[in-house]
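Notes follow the structure.
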Amino acid sequence: MSLFFRDKSFYLLNIFGITGCGISLAPSLIDFSSRSWKALRRKYYYPRFVLGSDESGRELSVEATQLINSSGGDKDSVSFSDIVMNWGYYRLQAYDFLISCEKNEYYVARHVWDNWYRLENGKKLILTKEICGGKDKDGAKPIKLDFKKQSGSGQLSKLQIMANSCSFKKNGSGFDEKEKWNWNMECKGDKENNGTECVTLSINKSNYKLEYKREKKNSGR
């Protein structure tokens, strides 16, 4: 494990790496400087495609410019590394996870270090197949995401999806004005009963937003 400094920030280089979802992962560089965390809280990207949201209105979204600009090119697929995906004001990183315990409900598990992750409720944990059965997720708000199986039928539940397993593919055979809004987010997840599941979430112009408005709480005045 290596430690180095730059501009009053410090970084840790994970030289061990981890493996998940059948994908061999490269070493990760994690910035623990207070400056970087403040920057993450400030940033929000417009325009965007909203993939889903939790009960408080916090969105999981992808910055729309990369996808719209890619629609007229030769590339049929845009990888996770080429887009910006946000959960509220936090930008999802390659080793973050979406964890499903119930149909269409997913929790964000942020990669902290090595095999450790943190849920929205502040709980730190190591991802296991039994996470849905315990109390680790209590107090964390799930995001409603309408993933579908790429093949077969039946309900999806208890699936763990690593962010960098996802890519965006054009939903259409030729570019026109309508097609630039139509994409499929395709991901691969680990199933609770072993094996993997390929899933798809479709987005179109109805998912496109320019504004972000927080709900005003009633102050009682």
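Our numbering numbers the first residue of the sequence shown as 49 and each following residue consecutively. Glycine is no exception: its CB is placed at the ideal position from the N, C-alpha and C atoms.
- DSSP lists Ser148, Ile191 as the beta-bridge partner residues of Tyr154.
- Judged by DSSP in its simplified three-state form, Cys235 adopts strand.
- Per the Cβ contact rule, the region 143 to 153 is in contact with the region 187 to 199 (3 or more Cβ pairs under 8 Å).
- The C-alpha of Glu103 lies about 31 Å from the C-alpha of Ser125.
- With respect to the C-alpha of Lys236, the residue from Asp130, Ala211, Ala188 having the closest C-alpha is Ala211.
- DSSP places Gln208 within a strand segment (E or B) once states are collapsed to three.
- Its chain contains Leu108, Val156 as the residues whose beta carbon lies nearer than 6 Å to that of Trp135, once the 5 sequence neighbours on both sides are disregarded; these appear in chain order.
- Counting only residues of its own chain and dropping the five nearest sequence neighbours on each side, Lys257 has a CB closer than 7 Å to the CB of Pro95, Arg96, Val98.
- DSSP, reduced to helix, strand and coil, places Ser104 outside both helices and strands of the structure shown, so it counts as coil.
- For the pair Lys185 and Glu240, the CB atoms are not nearer than the 8 Å cut-off.
- Here DSSP, grouped into helix, strand and coil, assigns Asn255 to helix.
- Secondary structure of Ile179 (DSSP, three-state): helix.
- Under the criterion of beta carbons closer than 8 Å, Ile251 and Met233 qualify as touching, at roughly 7 Å.
- When secondary structure is reduced to three states using DSSP, Lys197 falls in the strand class.
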